[in-house]
Amino acid sequence: MNAAANALRDARAALIPVEVSEVAADPAAGTYSAAQSVHLSAGAGTTGAPEVLYTVDGSTPQALSRQYSGPIDVVADTTITARAFHVGLKPGPLSVLRYVIGQQPSRAR
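Here the working numbering is used: the first residue of the sequence shown is 2, the next is one more, and so on.
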């Protein structure tokens with residue numbers, strides 16, 4: 002391969018993402034005093050929006066995991082594990098999102 006072909010290949014590789022972006026959550030993982038509706042998203046690249054798959058049982062999202070299609074109601078302590086996928090690209094990094102929902106104070110007996 003000549004120098005011009007190498008330069009072109011390197012330039013294309015720099016422009017084409019090889020991995021889908023990380024899943025973002027709104028609101029962010031954390032501790033809250035009340036239930037939350039969690040929205041998940043992953044950045045759309047030049048190839049379109051990725052598919053976000055998630056679990057709430059601690060397992061890693063796979064092809065048969067739930068596909069995100071709308072807010073996830075978090076009413077108790079929950080860990081959402083999510084990953085973005087897109088045909089032709091490597092899956093995005095694993096996002097482990099831990100939500101701690103406040104409890105009522107204990108009453109003295």
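Heads up, the beta-carbon is just placed ideally off N, CA and C, and yes, glycines get one too.
query	result
Residue closest to Pro-94, alpha-carbon to alpha-carbon, out of Ala-85, Asp-27, Tyr-100 and Leu-41	Ala-85
Rounded C-alpha distance that separates Gly-89 from Gln-68	18 Å
Secondary structure of Val-50, DSSP reduced to three states	Note on residue identity: the sequence assigns Ala, not Val, to residue 50. Coil at Ala-50, not helix or strand.
Coil, strand or helix - Ala-85 by DSSP	strand
When Ala-35, Tyr-33, Val-57 and Ala-25 are compared against Pro-51, the one with the closest alpha-carbon	Ala-25
Segment limits, beta strand (DSSP E) that includes Val-75	73-75
His-87 burial status per 10 Å Cβ neighbour count (16 or more: buried)	buried
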